[in-house]
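Trainee: Handing you a structure now.
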Amino acid sequence: MMRPTLAALLISASLSGTALAQAAPADQPPLRCGVDGTFAPHAFPKLDGGVQGFQVDLFQEVAKRMGRRIVIESASFSGLIPALNAGRYDFLCAPTTVTKERAENLLFTEGYLWTELQFGIRRGTPPIKSEEDLRGKAISVNKGTPYERWVRENAERLNLTLLAFDTQPDAVQAVLQGRAYANLSGNTVIKYSASRTPQFVADWVLP
Numbered sequence: 025m026m027r028p029t030l031a032a033l034l035i036s037a038s039l040s041g042t043a044l045a046q047a048a049p050a051d052q053p054p055l056r057c058g059v060d061g062t063f064a065p066h067a068f069p070k071l072d073g074g075v076q077g078f079q080v081d082l083f084q085e086v087a088k089r090m091g092r093r094i095v096i097e098s099a100s101f102s103g104l105i106p107a108l109n110a111g112r113y114d115f116l117c118a119p120t121t122v123t124k125e126r127a128e129n130l131l132f133t134e135g136y137l138w139t140e141l142q143f144g145i146r147r148g149t150p151p152i153k154s155e156e157d158l159r160g161k162a163i164s165v166n167k168g169t170p171y172e173r174w175v176r177e178n179a180e181r182l183n184l185t186l187l188a189f190d191t192q193p194d195a196v197q198a199v200l201q202g203r204a205y206a207n208l209s210g211n212t213v214i215k216y217s218a219s220r221t222p223q224f225v226a227d228w229v230l231p
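Residue numbering for the sequence shown is 25 to 231, as defined by the working numbering.
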């Protein structure tokens with residue numbers, strides 16, 4: 025069973041992809057990087073097109089120090105690893121939690137970001153104090169994430185209903201619209217969403 029407390033977020037690079045540790049001439053093709061462009065504050069759309077956010081700034085700086093150009097493409101998280109395995113990207117700019125299954129096909133860097141699994145609820149909903157408060161409830165998640173995996177692994181035990189969405193904003197909207205009792209995601213994302221959405225509250229962190 026996946027430990028729900030602290031997920032080590034990692035960059036992942038395909039076994040046949042670019043070796044990020046190796047310096048390369050500036051005349052080489054640009055590095056190709058995939059990111060979930062709806063996962064604020066890590067990456068989210070710019071008004072004039074493209075994506076912005078912490079991950080974008082970080083890997084633009086990585087490419088700069090390597091003397092390489094970089095192209096950062098936005099896609100849904102559930103499609104990033106299949107696209108990486110298909111050779112579309114050299115690596116993922118998205119924070120990626122290490123799992124046994126992924127480690128069989130991917131190379132991971134050392135962790136660079138520490139996070140927790142946290143629930144967000146609609147303002148006015150009684151605070152979640154334990155797993156028992158989740159019993160029989162619908163939980164929204166971003167599809168293909170460790171958060172979806174946690175709900176699946178605990179669905180039978182807690183009688184949970186899984187609502188998986190292609191984007192994190194859609195998962196939050198499900199809570200605001202009353203379709204889901206809570207949204208489960210990383211604490212950085214939950215707290216950022218709460219800071220931008222008055223009716224959404226950062227709540228219980230999984231112990």
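Note that CB positions come from ideal geometry on N, CA and C, so glycine has one too. None of the values given here were measured: they were computed from a predicted structure.
Below 6 Å CB to CB, which residues in the same chain sit around glutamine 79 once its five sequence neighbours on both sides are set aside?
Mentor: Excluding residues within five positions, the ones whose Cβ falls inside 6 Å are Val59, His66, Ala67, Cys117.
Trainee: In this structure, what does DSSP give as the bridge partners for aspartate 227?
Mentor: Bridge partners of aspartate 227: none, in fact.
Trainee: Please report the residue range of the beta strand (DSSP E) in which asparagine 183 lies.
Mentor: Element bounds for asparagine 183: n/a, residue is neither H nor E.
Trainee: Per DSSP, what are the beta-bridge partners of alanine 206 in this structure?
Mentor: Partner(s): Ile145, Ile163.
Trainee: Note down the Cα distance separating aspartate 72 from threonine 62, rounded to an integer number of angstroms.
Mentor: Distance between the alpha carbons of aspartate 72 and threonine 62: 15 Å.
Trainee: Tell me which residues share the same chain as arginine 27 and place their Cβ nearer than 7 Å to its Cβ, disregarding the 5 neighbours each side in the sequence.
Mentor: With a pLDDT of only 37 at arginine 27, under the threshold of 50, the placement of this residue in the model should not be trusted, and no figure is reported.
Trainee: In the DSSP output, which residue or residues are listed as bridge partners for glutamine 76?
Mentor: DSSP, once it has assigned bridges, lists Phe68 as partnering glutamine 76.
Trainee: Could you pull out every residue in the same chain whose Cβ sits closer than 6 Å to the Cβ of threonine 191, ignoring the five residues on either side in sequence?
Mentor: Cβ within range, chain order: Thr62.
Trainee: DSSP three-state call for alanine 110: helix, strand or coil?
Mentor: Alanine 110: coil per DSSP, three-state reduction.
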